[in-house]
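Scroll down for the structure; my scribbles are underneath it.
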Amino acid sequence: MRVAIIGAGFSGMLTAYLLEKKGIEVTVYEKHEHIGGHCRTLVSKDNTIELGTVFSFSEHIKELLLELDVTYTERFTYRNFLDEDFNKVEHLSRKDVGTLTGELNKLEQVLNKYPMSLDDVNYGPIHEDLMVPLNDFLKSHQLHIISQLLAPQLSSFGFGSIYELQAYYAFNIFNMDTIHSLIRGDRLLFVNKGLSEVITKLSQNISDIRYSIEVKNIESIGDKVKVETEFSSEFFDRVLITTKLPKDVIKDELYNQLMNKIDTNPYITCAYEVENKNIVTTYFKANLGEKNKIQFFHTFRQNHKTTLVAYAYGSVNKELVNSITTDIEKSGIHVNHLITAKQWYIFPHLKEKNLTPNFYRDILDRQKVSNICLIGSLVSKPSISNLYASVRQFVAQTF
Amino acid sequence: MHRDLKFNIITEGQKMGISATCEKHKISRTIYYRWLSRYKTFGIKGLEDIEKKFSPLNKTKPEVVSTIMSLIRNHPDYGPRAIKYLLEEVGYDISESAVYNVMKRNHLTTKAQRIKFSTKKDKKITRNYPCFNDMKSGECWLFWTTHYGDYESLGALYEYTIFDYKSRVACTRLYNTLSPECFEDLLTAAAIPVAQTLGFETKHLCFFEEHNIKGKKLDSFLTNINGIFQNNGYEVTMHLLKEEDQLNTLQEMRKNHTHQLLSFLMPFIHKNISFSSLKIQLQKHIREYNLNHKIIYSGEFYSPVEYHVKSSGTDLILPLWAYIDRTY
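Residue numbers (this note's numbering), protein chains in the order written: chain A, 1 to 399; chain B, 1001 to 1328.
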């Protein structure tokens, strides 16, 4: 059996690794000259900077890290909040925290009504109640404090504003366990040498990776699938797609139609070297969910140097990067220099107008009969530990 | 009488009534309450037979030792006599042989040893006291553990406390073992978040040598702790102090803290509460202590957190977890 995987991000590389371990012949196509997707670590002397994905919730991922002999640390992240005048403020006031406990119980009961929609590692059938923006959903259940609690988290992870993001995605990403864990401020898992190390270790176990080769055409012919690039065409028994492809690359009407509906969020990360020593993750409360404004920064100190990575929705341009730098300085930080400003397109999802109750069910149904499959963050919430669970389940069920 | 027996008698008294227990074991109520009070102040250790350690009256005072050490660091090429003259200039009248003895205790009798010592600035570990007089709120932490005893339902019970010297802000957790991992948990889950929240500029951490939590691997333990501090942007000197060196003020602080904790915890312990509920009860109690318990600070009453906020001139902004019970 021969399998092609399109996209060498975490999901693609993990799938290839798991399949090759099963003795299946795998080819990975990556259109960029480098692999890893959103796992991107910059290195300078002994210091590492995570430019994309920073950490993982620890549930499942540890077994993979042990298997690959990748060392990790679980540590606490300390958070601050700033208001529009860059003064330190509370995330929630003492009075609101009192109300929060009651609201959490209520939310748990509310969400229990939608087990089909929310209790799976992959997206699935969507209950119509959950197709409204999160803010509307919470408002209709009078859960005002919960929306204040979740807004900074959702915007900082790149999922957008609570006025736009549908409740369905929000509660897939932040289920009750995750919400409780965020409130307690549980430890998060960081890879010591950066997530790129995971990608490197995976690649050392994969025999056939094609770099800078863009796939132009994917077409079922008989019981094979033809994969065409600018330079060649090859036949496979199965093709697994991990990334949003341009219009008409897949010659399959349903997939093509579905693929066209999937959007991403333009998101930028700016990394800086800064002078200050003990600064913590900081959220800019007044900007949350807004485009072209700094959302938050996280920071880490290694070998007597402090690095700071700031996040904003929008596209890399001089004006935006300068405004981010200014806002960081206004919050009392002495910036030494910018290390990089990087453009991302993250979180494949459907905007309000495109989302239908059966969207993901249609994909899943199609996959049962087609030898072209969509996997990874196209069909599952994009956290490393969840992608791991999703890919592992897919490989176990399909091969 | 062995400490475990005394401990059993105290426990029995809490359950069966004190007079009956005293009669059964043929001890006076005075003795019972003396033991109880010592237990509440020192934990199990307080029940051991008191062994008076001989400490010569003319032993060089810790603050003098500390000055001598800093002079050696600055003038590694000076011998005991030159150091003695320097001490006179700063107002200490100490004999040359006393200076020599301090050097000997610290393995610094040769010039080569002293030069090596003075250039070793990276490793922030010392056996001397920090200078408590100039200490600001948040700058100096004391760390101790107290063994509360072994209980049938709870197992071994240890109090771990990191305590800010000036403000008396306390971070206390309960654990079942003495280990570096528990200390690290207290430090990263409680003490550093509190320091970040209150804007502490922590510079010193004092350990007392009784601690076997670091086991045999003292060096790797300290290196690890040093790394945690550095990664959080703190430059902290670690002071390894001997228990018998404890200044009276430190001893008082520790006794008061442990006494108020055990007075609060004992009724829960004897109600056979589960370990996780006991930990949560303690968390609530410590929160109440830090935020609302009024203590006298040079004539005025504040809670520890209020005192810090006032003396550092910062605003108090509390994070979410400060209000919420966190299991550990």
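Quick reminder that beta carbons are idealized off the backbone N, C-alpha and C, glycines included.
Looking at the DSSP output, residue 1208 of chain B shares a beta bridge with B:1241. When the beta-carbon positions are compared, residue 238 of chain A and residue 28 of chain A stay at least 8 Å from each other. The alpha-carbon separation between residue 175 of chain A and residue 264 of chain A amounts to approximately 22 Å. Residue 39 of chain A carries a coil assignment under DSSP once its states are collapsed to helix, strand and coil.
Taking one beta carbon from each stretch, the stretch 1296 to 1309 of chain B and the stretch 1159 to 1167 of chain B have 3 or more pairs nearer than 8 Å; the two touch. Per DSSP, the unbroken alpha helix (DSSP H) holding residue 1195 of chain B starts and ends at 1192 to 1198.
CA-to-CA, the gap between residue 1064 of chain B and residue 1139 of chain B works out to about 21 Å.
Of all residues in the stretch 67 to 78 of chain A, those with a C-beta nearer than 8 Å to a C-beta of chain B are 75, 76, 78, reading in chain order.
In the DSSP annotation of this structure, the continuous segment of the beta strand (DSSP E) that includes residue 1160 of chain B starts and ends at 1155 to 1164.
In summary, residue 232 of chain A is exposed, with fewer than 16 beta-carbon neighbours lying within 10 Å of its beta-carbon over all protein chains present. The residue from A:182, A:24, A:6 with its alpha-carbon nearest to that of residue 396 of chain A is A:24. Between the alpha carbons of residue 41 of chain A and residue 1207 of chain B lies a gap of roughly 38 Å.
Runs of the alpha helix (DSSP H) spanning 4 or more residues and lying entirely within the stretch 77 to 164 of chain A occur at 94 to 111, 115 to 118, 134 to 140, 144 to 156, in chain order. Residue range 72 to 75 is occupied by the beta strand (DSSP E) that includes residue 75 of chain A.
In this structure residue 1191 of chain B is in contact with residue 1141 of chain B, their Cβ atoms being roughly 7 Å apart against a cut-off of 8 Å.
In terms of beta-carbon proximity, residue 1093 of chain B stays away from the interface with chain A, with every pair separated by 8 Å or more.
Taking all protein chains in view, the Cβ of residue 1104 of chain B is surrounded by fewer than 16 other Cβ atoms within 10 Å, so the residue is classified as exposed. Taken in chain order, the members of the stretch 81 to 104 of chain A whose beta-carbon sits within less than 7 Å of a beta-carbon on chain B are 88, 89, 90, 91, 92, 94, 97. Within the same chain, Cβ atoms closer than 7 Å to the Cβ of residue 14 of chain A are found at 202, 388, 391, the five residues on either side in sequence being excluded. Taking a Cβ-Cβ cut-off of 9 Å, the neighbours of residue 1232 of chain B in chain A comprise 78, 277, 278, 280, 301, given in sequence order. Put simply, the CB of residue 1321 of chain B is near chain A, with a gap under 8 Å to one of its CB atoms. As the crow flies, the alpha-carbon of residue 173 of chain A is around 6 Å from that of residue 381 of chain A. Per the coordinates, the alpha-carbon of residue 217 of chain A lies some 48 Å from the alpha-carbon of residue 104 of chain A. With a threshold of 8 Å between beta carbons, residue 5 of chain A makes no contact with chain B. Here DSSP, grouped into helix, strand and coil, assigns residue 348 of chain A to strand.
For residue 18 of chain A, there is no enclosing beta strand (DSSP E); the residue is found in the alpha helix (DSSP H) stretching over 10 to 21.
Rounded to whole angstroms, the separation of the alpha carbons of residue 1234 of chain B and residue 1201 of chain B is 7 Å. Contact of residue 183 of chain A with chain B by beta-carbon distance below 8 Å involves 1320, 1321, 1324.
A distance below 8 Å separates the beta carbons of residue 1286 of chain B and residue 1172 of chain B. One thing to note: residue 225 of chain A has its Cβ no nearer than 8 Å to the Cβ of residue 215 of chain A.
Taking 8 Å as the Cβ-Cβ cut-off, the stretch 305 to 321 of chain A approaches chain B at 306, given in chain order.
Taking one beta carbon from each stretch, the stretch 148 to 162 of chain A and the stretch 29 to 39 of chain A have fewer than 3 pairs nearer than 8 Å; the two do not touch.
Taking a Cβ-Cβ cut-off of 7 Å, the neighbours of residue 1193 of chain B in chain A comprise 76, 78, given in sequence order.
A direct Cα-Cα distance of roughly 26 Å separates residue 394 of chain A from residue 354 of chain A.
In the DSSP assignment, residue 354 of chain A falls outside any beta strand (DSSP E) and carries neither an H nor an E. Taking 8 Å as the cut-off, the Cβ atoms of residue 220 of chain A and residue 248 of chain A do not count as close.
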